[in-house]
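**Student:** This is the structure I want to talk about, given as structure tokens.
Numbering (the numbering used here), first residue to last: -6 to 344.
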């Protein structure tokens, strides 16, 4: 029967493929663009714009939305690397408006005032008690992702891209966390298919503490990677059988005396290292569970080596962002020849 079908030219339908892009701040998003540009250039069977489904969370939502709109990663790489005058040239003003740092300073002052207010007459209280009692007077965050939403909305319009999940050329899913009910919400599918893509990106990018929660339809949303990394399960649920996950957030492993300890980088470095440890463990656990439950699905994970690199540093900073872009591009070749050899063979031929 199968020989007869082959003689008639019958072919099995191609497997549904999904590209899953996890969060990692500005640096993480730049790394993802570099990785996708290099893979597009080297592997004829990859083609970042030809996946059947895109899933993006936090910074990965920005990159996933552009890939789903048909933006070529090599073109985006050149725009970012050369800092061209283009609506897609992601710069500091894309996230922080001109007055954002004065707003952050006011929020910091409010934060200190809230603690000081409770400390007056309560000098016997310990710090945890002061913080707990000050909660209602504290700001919800230091910055606002409303600037990011406006940037994405305007960039889509300038490029002639739809800001609608229904009109997007390729299926796109963007998860975020509903803060009050502690539940994941997936924009791009019912009942949240009519939310504009730019608003979904803002909701998924609202890092708790750093940004205030983003409000849509009377609900508060925070970073889509809170409690998750990547959301590969959404791709499985949608019927994908080949899933490529790009995860920028990997902790350092310092095993030699010549590399400075994490603590020498101060509070921010410690918090970021802790966050990356949690993020990577969440991804590993989720993928192990998915592989046990769905052995018929292929998973390919691309992420930086756990060593000092341009990926280490303030994830929401712009100083190292272009270094992370180039790092993502330059390290793919080495990975394809080593741990990624099976991936290279899998995507060597155009389907």
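Where a beta carbon is used, it is the ideal one built from N, C-alpha and C, also for glycine.
Could you name the residues that DSSP lists as bridge partners for residue 142?
**Tutor:** Residue mapping note: residue 142 aligns to position 149 of the chain shown, counting from 1. The partner list for residue 142 (beta bridge, DSSP) is empty, contrary to what the question assumes.
**Student:** Can you tell me whether DSSP reads residue 180 as helix, strand or coil?
**Tutor:** The residue labelled residue 180 in the question sits at position 187 within the chain shown. Reduced to three states, the DSSP call for residue 180 is strand.
**Student:** Helix, strand or coil: how does DSSP classify residue 294 here?
**Tutor:** Residue mapping note: residue 294 aligns to position 301 of the chain shown, counting from 1. Strand at residue 294.
**Student:** Alpha carbon to alpha carbon, how far is residue 256 from residue 248? Give it in angstroms, no decimals.
**Tutor:** Residue 248 sits at position 255 when you count from the first residue of the chain shown. Residue 256 sits at position 263 when you count from the first residue of the chain shown. If you take the alpha carbons of residue 248 and residue 256, they lie about 14 angstroms apart.
**Student:** On the premise that residue 163 lies in contact with residue 47, defined as a C-beta separation below 8 angstroms, what is that separation, rounded to the nearest angstrom?
**Tutor:** The residue labelled residue 47 in the question sits at position 54 within the chain shown. The residue labelled residue 163 in the question sits at position 170 within the chain shown. Yes, they are in contact, since the Cβ atoms of residue 47 and residue 163 sit about 6 angstroms apart, within 8 angstroms.
**Student:** Tell me whether the stretch 137 to 157 and the stretch 74 to 83 touch, counting them as touching only if at least three CB pairs, one residue from each stretch, are closer than 8 angstroms.
**Tutor:** Cβ pair count under 8 angstroms is three or more, so yes.
**Student:** Output the boundary residues of the alpha helix (DSSP H) element that contains residue 339.
**Tutor:** In the chain shown, residue 339 corresponds to position 346, counting from 1. Run containing residue 339: 334 to 339, per the alpha helix (DSSP H) assignment.
**Student:** Whole angstroms are fine: how far does the CA of residue 29 sit from the CA of residue 63?
**Tutor:** For the purposes of this step, residue 63 is taken as residue 70 along the chain shown, with counting starting at 1. For the purposes of this step, residue 29 is taken as residue 36 along the chain shown, with counting starting at 1. About 13 angstroms.
**Student:** Rounding to the nearest angstrom, what Cα-Cα distance links residue 258 and residue 250 in this structure?
**Tutor:** By one-based count along the chain shown, residue 258 stands at place 265. By one-based count along the chain shown, residue 250 stands at place 257. When rounded, the distance between both Cα atoms is 16 angstroms.
**Student:** In or out: residue 289 buried (at least 16 other Cβ within 10 Å) or exposed?
**Tutor:** Here residue 289 refers to the residue found at position 296 of the chain shown. It counts as exposed.
**Student:** Anyone know if the C-beta pair for residue 166 and residue 215 falls short of 8 angstroms?
**Tutor:** Position 173 of the chain shown, counted from the first residue, corresponds to residue 166. Position 222 of the chain shown, counted from the first residue, corresponds to residue 215. Cβ distance not < 8 angstroms, so residue 166 and residue 215 don't count as in contact.
**Student:** Can you name the residues that DSSP bridges to residue 169?
**Tutor:** Mapped onto the chain shown, residue 169 falls at position 176. Answer by DSSP bridge pairing, in chain order: 178.
**Student:** When the distance is taken between beta carbons, is residue 17 closer than 8 angstroms to residue 241?
**Tutor:** In the chain shown, residue 241 corresponds to position 248, counting from 1. In the chain shown, residue 17 corresponds to position 24, counting from 1. Cβ atoms of residue 241 and residue 17: closer than 8 angstroms.
**Student:** Using three-state DSSP, classify residue 151 as helix, strand or coil.
**Tutor:** For the purposes of this step, residue 151 is taken as the residue at position 158 of the chain shown. Three-state result, residue 151: helix.
**Student:** Taking the DSSP output, what are the residues bridged to residue 208?
**Tutor:** The residue given as residue 208 occupies position 215 in the chain shown. Note: residue 208 sits in a beta bridge opposite 213.
**Student:** Considering Cα atoms alone, identify which of 42, 26, 197 and 31 is closest to residue 10.
**Tutor:** For the purposes of this step, residue 10 is identified with residue 17 of the chain shown, where counting begins at 1. Checking every option, the nearest Cα to that of residue 10 belongs to 42.
**Student:** What three-state label does DSSP hand residue 353 in the structure shown?
**Tutor:** Lying outside -6 to 344, the shown extent of the chain, residue 353 is not represented and no answer is given.
**Student:** Going by the DSSP bridge assignment, what does residue 263 pair with across the sheet?
**Tutor:** For the purposes of this step, residue 263 is taken as residue 270 along the chain shown, with counting starting at 1. DSSP, once it has assigned bridges, lists no residue as partnering residue 263.
**Student:** Going by other Cβ atoms of all chains shown within 10 Å of its Cβ, with 16 needed for buried, is residue 297 buried or exposed?
**Tutor:** Numbered from 1 along the chain shown, position 304 holds the residue referred to as residue 297. Per the 10 Å Cβ criterion, buried.
**Student:** Straight-line CA distance for residue 189 to residue 183?
**Tutor:** As a first step, residue 189 is located in the chain shown; it is residue number 196 there, counting from the start. As a first step, residue 183 is located in the chain shown; it is residue number 190 there, counting from the start. The straight-line gap from Cα to Cα measures roughly 13 angstroms.
**Student:** Have a look at residue 267 and residue 327 and give me their C-alpha separation to the nearest angstrom.
**Tutor:** As a working mapping, residue 267 is identified with position 274 in the chain shown. As a working mapping, residue 327 is identified with position 334 in the chain shown. Between residue 267 and residue 327, the C-alpha separation is close to 27 angstroms.
**Student:** Out of 15, 26 and 52, which has the shortest C-alpha to C-alpha gap to residue 72?
**Tutor:** Position 79 of the chain shown, counted from the start, is the residue given in the question as residue 72. It is 26.
**Student:** What separation, rounded to the nearest whole angstrom, lies between the Cα atoms of residue 279 and residue 210?
**Tutor:** For this step, residue 279 is matched to residue 286 along the chain shown. For this step, residue 210 is matched to residue 217 along the chain shown. Their backbone Cα atoms lie some 30 angstroms apart in a straight line.
**Student:** When the distance is taken between beta carbons, is residue 137 closer than 8 angstroms to residue 346?
**Tutor:** Nothing can be reported for residue 346, as the shown portion of the chain is limited to -6 through 344.
**Student:** Considering only DSSP beta bridges, list what residue 136 is partnered with.
**Tutor:** Stepping through the chain shown from its first residue, residue 136 is reached at position 143. In DSSP, residue 136 forms a bridge with 204.
**Student:** Let me know if residue 144 comes out buried or exposed under the rule of 16 or more other beta-carbons within 10 Å of its beta-carbon.
**Tutor:** Along the chain shown, one-based indexing puts residue 144 at 151. Flag for residue 144 reads buried.
**Student:** What's the gap between the Cα of residue 140 and the Cα of residue 313?
**Tutor:** If you number the chain shown from 1, residue 140 lands on position 147. If you number the chain shown from 1, residue 313 lands on position 320. Going by the C-alpha atoms only, they are around 21 angstroms apart.
**Student:** For residue 18, name the three-state secondary structure that DSSP assigns.
**Tutor:** As a first step, residue 18 is located in the chain shown; it is residue number 25 there, counting from the start. Helix.
**Student:** Here's the rule: buried if 16 or more other CB atoms are within 10 angstroms of the residue's CB, otherwise exposed. What is residue 13?
**Tutor:** By 1-based counting over the chain shown, the position of residue 13 is 20. Result: buried.
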